[in-house]
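>
Numbering (the working numbering), first residue to last: 99 to 197.
#1: Please state whether the Cβ-Cβ distance between residue 184 and residue 176 is less than 7 angstroms.
#2: Is the Cβ-Cβ distance between residue 129 and residue 165 less than 7 angstroms?
#3: Would you identify the three-state DSSP class for residue 180, choosing helix, strand or coil?
#4: Tell me the DSSP secondary structure of residue 111 in three-state form.
#5: On the three-state DSSP scale, how would you describe residue 105?
#6: Can you tell me where the alpha helix (DSSP H) holding residue 162 begins and where it ends?
#7: By alpha-carbon positions, which one of 179, 189, 182 and 148 ends up nearest to residue 108?
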């Protein structure tokens, strides 16, 4: 799982913010390029901030980390399990964390 997010919420948030910079759904090429140019300093700042953070796991909640660890162990052991057992184990991992 390489400690990557399981969802694309970060990208969706960026896309919403970027699309709000333009008043049209389908802007002209020059307007699009100007929007990209104005977004560049913010992107550079976010990139530098992400690079400076050394403890990525510290940002995630305990629930997220527990579920990720359980799913990782299920995937590592998937050679010994059938597909239905894999799915059952993953759904069980999620159901334990809800309560």
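Ideal placement from N, C-alpha and C gives every residue a C-beta, glycine not left out. Bear in mind the structure is a predicted one, so any value in this text is a computation, not a measurement.
With the structure as the only source:
#1: In this structure, the beta-carbon distance from residue 184 to residue 176 falls below 7 angstroms.
#2: No.
#3: The three-state secondary structure of residue 180, taken from DSSP, is coil.
#4: Helix at residue 111.
#5: Residue state, collapsed to three classes: coil.
#6: Unbroken alpha helix (DSSP H) run through residue 162: 160 to 174.
#7: Checking every option, the nearest Cα to that of residue 108 belongs to 148.
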